[in-house]
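The structure appears below as structure tokens.
Numbering (this note's numbering), first residue to last: 39 to 864.
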């Protein structure tokens, strides 16, 4: 409709230019007035029924501006266009690729095996993804063209242009502008039509090809499922019945497999080069980080390291390459088997080089056999057809692997401390899997035999690789902290408990990745993932409450992460290290509890949201909690509430010196349920928060760090007390650590049995040094008294004996005489 209306304007403009002034009533394509133009009375009536000329003119201006903008937008959009050169070039190649796969699937000469089906699935998946991307781009571009066309059509079909046709004066006034717009649309119309036809053509071809790729993926999946079901059945003749009739030779099978696998790698990397490039960049950054830290710790003796360097010390380059070749396959999108096998072949070579100095000579000898088996079995796993020579070759490899594995096991038993703790189990798995694979090959289950053989070599190689990777990552982290020993982060990670947890976390991740690699080698990763997903997503119910195990797992994971974050905040800002000596109060310590409660609360709500648990279920949890409180959780809830009260009331802060009951010390941590006090003897006391609220709490440093010190001194009778007091005052005045206000006080207290007692009171502004200051003042006063000749008497007591037994007195005299004779003899 838009095109017709623009053409209508063009015809109308041309006619007006040829014939001069012409009333719109002579053009049957334009709306005409029902009253003849010469009839002034009728014209007035018609004018009264229409909008005024000024109103129509303003509307025409707006619409012309909108039309100009829309045409300019079309012009700019058509100039930019959509680059379809890639689609024109790649679409025939993809169609040819699909034709080749279809021919291979339905070929009767060489039926596809599981590995060739996997390769076909990888290619089809990549092709389908590319086709879907093209289809989305084409549909988006087509949608924009459609919107632009509708925008122009809506503007041109607006009623204001029909009103304009009924006003000759206005029509002539805007004639030139309408003519320009009509000419512009005439030029753009052909380009617009070409673009629409091109996009429609490509969209049709891409859609047809995409449907064909989807059908082929379904066919490949069906055939793979059928082969997996038949793996336990006899797929090949018994080993003693094997003949070469109807089968390719081994060399021909190898030759036929080289080119397709190479094309598969190239095809994969062409569309997924960003993943390996990212991992390579990450590896480079890791190597630079390790190198920088190695340069920092060169001056530190190796014996002083909290975690000795082993593999990074041998070669940080090889250690970095271990990270790349081991981890990259796990972060690749649907990688083909040949791509993974290439990476892991290099991985086992690098891992063997790093661990080589740790092994004995005998272990070296048999490990070479294991590496050779790894290479040959890995390549055999890529063959697309079965041959007689392949079956006999795999039988020989299984026997060689069993012998080498048994020898390695005996070597590990001879020197167990030289090898990883799990090496026994891995070698048992390696030997057992090869025994099973050999038996399956003998009895005609060759497809399953190849899978198990491949899983055996990948299992032992990945076990070594992840063991080394865990050690390398731990060494890298602690190398960094050795170079930054004075940082708080280093102090955190160098704690034995944190080191153990960090190692355990890496070990768990290593085991998970090892299981993934083992399941991939058995072609069971997709099946296992689906089973696990179904198990976790299956709806279960307890009474009227529905839930899934997956939601529970997500809830626990998110909540656990929030607790970990809360604990990290407590360490880095709450002062979790020991406080001795001149430790100071933490400025944020009193708010750490509030922040931790906030983090845990938000984590709890996020966990419920992530798990898909409605918040109204929280009422059920609170109801159950209320019942628990009534039956025995009063103390726990009391301590939790007391923790919140401590956070806001702040009777104590982290770093305060307090006394509660018989316990005294410095506040180390104010927790959610309990708080920690570090005593001056080095012990750590955990006190429930409820005790701080219910018992009397003495805080020595809550408002300031002043401390009063008192000394009790006795001087002998007969001493000039004024001189003694002046002497003490002089000592006090000469000590700079004693504050002037409150002023020191010297008070004569009492007259004791042996001395006149004096009390000395003075203040210090540093609570942490009051014990040292007291000791210093006692020593100073004692020395000054000695200089002044002032005696400090010690306690004396006279003993008056009224009567003594005669026998006791006689024996005493005899003993005293014997002592005198001995002295004279000497």
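The C-beta atom is built at its ideal place from N, Cα and C for all residues, glycine as well.
Secondary structure of residue i, DSSP reduced to three states
i	result
residue 828	coil
residue 708	strand
residue 563	helix
residue 141	helix
residue 868	Coverage of the chain is limited to positions 39 through 864, which leaves residue 868 absent and any answer about it impossible.
residue 361	helix
residue 748	strand
residue 800	strand
residue 714	strand
residue 453	coil
residue 849	helix
residue 134	helix
residue 66	The pLDDT assigned to residue 66 is 32, lower than 50, so where the model puts this residue is not dependable, and the model offers no usable value.
residue 844	helix
residue 274	coil
residue 735	strand
Per-residue burial, residue i [other beta carbons within 10 Å of its own, 16 or more giving buried]
i	result
residue 429	buried
residue 434	exposed
residue 500	buried
residue 334	exposed
residue 821	exposed
residue 477	exposed
residue 401	buried
residue 518	buried
residue 498	buried
residue 752	buried
residue 850	exposed
residue 704	buried
residue 614	Low confidence applies here, because residue 614 scores a pLDDT of 45, under 50, leaving its location unreliable; read the following figure in that light. Buried, by the Cβ-count rule.
residue 779	exposed
residue 322	exposed
residue 852	exposed
residue 118	exposed
residue 442	buried
residue 260	exposed
residue 279	exposed
residue 491	buried
Residue i versus residue j - alpha carbon distance
i	j	result
residue 140	residue 134	10 angstroms
residue 719	residue 809	14 angstroms
residue 97	residue 232	33 angstroms
residue 486	residue 431	16 angstroms
residue 189	residue 215	19 angstroms
residue 131	residue 137	10 angstroms
residue 384	residue 234	51 angstroms
residue 736	residue 744	14 angstroms
residue 457	residue 506	11 angstroms
residue 747	residue 693	21 angstroms
residue 427	residue 304	29 angstroms
residue 220	residue 159	54 angstroms
residue 710	residue 680	9 angstroms
residue 844	residue 838	17 angstroms
residue 644	residue 673	28 angstroms
residue 452	residue 398	10 angstroms
residue 267	residue 483	12 angstroms
residue 799	residue 738	17 angstroms
residue 414	residue 406	12 angstroms
residue 684	residue 725	13 angstroms
Whole-angstrom C-beta distance between residue j and residue i, which should lie under 8 angstroms
i	j	result
residue 544	residue 511	6 angstroms
residue 392	residue 362	No, residue 392 and residue 362 are not in contact; Cβ-Cβ is about 14 angstroms, not under 8 angstroms.
residue 375	residue 420	6 angstroms
residue 784	residue 802	In fact, because the Cβ distance is near 17 angstroms, the residues do not count as touching under 8 angstroms.
residue 551	residue 495	Incorrect: roughly 17 angstroms between the Cβ atoms, too far for contact.
beta-carbon residue i near the ligand SAM non-hydrogen atom, thresh 7 angstroms
i	result
residue 261	Ligands in the displayed structure: none, and consequently the ligand SAM is not present.
Contact with chain B by residue i, beta-carbon distance below 8 angstroms
i	result
residue 504	The structure shown contains no chain B; it is built from a single protein chain.
Inset, instruction - Spell out a yes or no on whether the segment 347-358 and the segment 455-473 are touching, meaning 3 or more CB-CB pairs, one atom from each, closer than 8 angstroms. - result: no
Legend entry - Meets three-Cβ-pair contact criterion under 8 angstroms: the segment 164-183 and the segment 301-312: yes
Inset, instruction - Please confirm if the segment 563-574 is in contact with the segment 632-644, defined as three or more CB-CB distances below 8 angstroms between the two stretches. - result: Counting Cβ pairs under 8 angstroms, fewer than three are found: no touch.
Legend entry - Contact between the segment 762-770 and the segment 699-718 (3+ Cβ pairs under 8 angstroms): no
Legend entry - Stretch pair the segment 235-245 + the segment 438-453: three plus CB contacts closer than 8 angstroms: no
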